[in-house]
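Numbering (UniProt numbering), first residue to last: 1 to 121.
Structure (structure tokens):
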């Protein structure tokens, strides 16, 4: 079995810089690939829906359709968690807030200039 040349495999760790980005080859601290990732394309409507399926009966509010990159989405999730006084996360282009806080979330998003819609129950 032939071994591949070291120039074929991208550098993933350097003792000088630490972890390296596989996309651009720069150290992760100065990587521009992930910062330039755009928001997923949608219809431009911010939707707030309540979910409890697959969560052991726990209710979460899922916010989709926000035209933000990953860093801004995480920051907005933090602000919404503080407003509602609960936990949550930002993942896969959505924000999940624990508990049924639809009114507080709708008010906060409206205050920030978005036009949210309730979807589902």
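Note that the Cβ used here is the ideal one computed from N, Cα and C, for glycine as well. None of the values given here were measured: they were computed from a predicted structure.
On the CB-based measure, 16 or more other CB atoms within 10 Å of its CB, does residue 90 come out buried or exposed? buried
May I have the straight-line CA-CA distance separating residue 21 from residue 33, to the nearest angstrom? 8 angstroms
Express the C-alpha separation of residue 62 and residue 79 in angstroms, rounding to a whole number. 15 angstroms
Spell out the partners DSSP gives residue 91 in its beta bridges. Bridge partners of residue 91: 94.
State the DSSP-derived secondary structure class of residue 15, mapped to helix, strand or coil. Three-state DSSP puts residue 15 in coil, outside helix and strand.
Nearest-angstrom Cα separation, counted from residue 88 out to residue 16: Rounded to whole angstroms, residue 16 to residue 88 spans 36 angstroms at the Cα level.
How many angstroms separate the CA atom of residue 12 from the CA atom of residue 54? Each residue's alpha carbon lies about 36 angstroms from the other.
In terms of alpha-carbon separation, which member of 45, 19, 111 lies closest to residue 119? 45
Which residues in the same chain as residue 77 place their Cβ atom closer than 7 angstroms to its Cβ, once the five residues preceding and following it in sequence are excluded? Closer than 7 angstroms at Cβ, skipping near neighbours: 88, 89, 90, 95.
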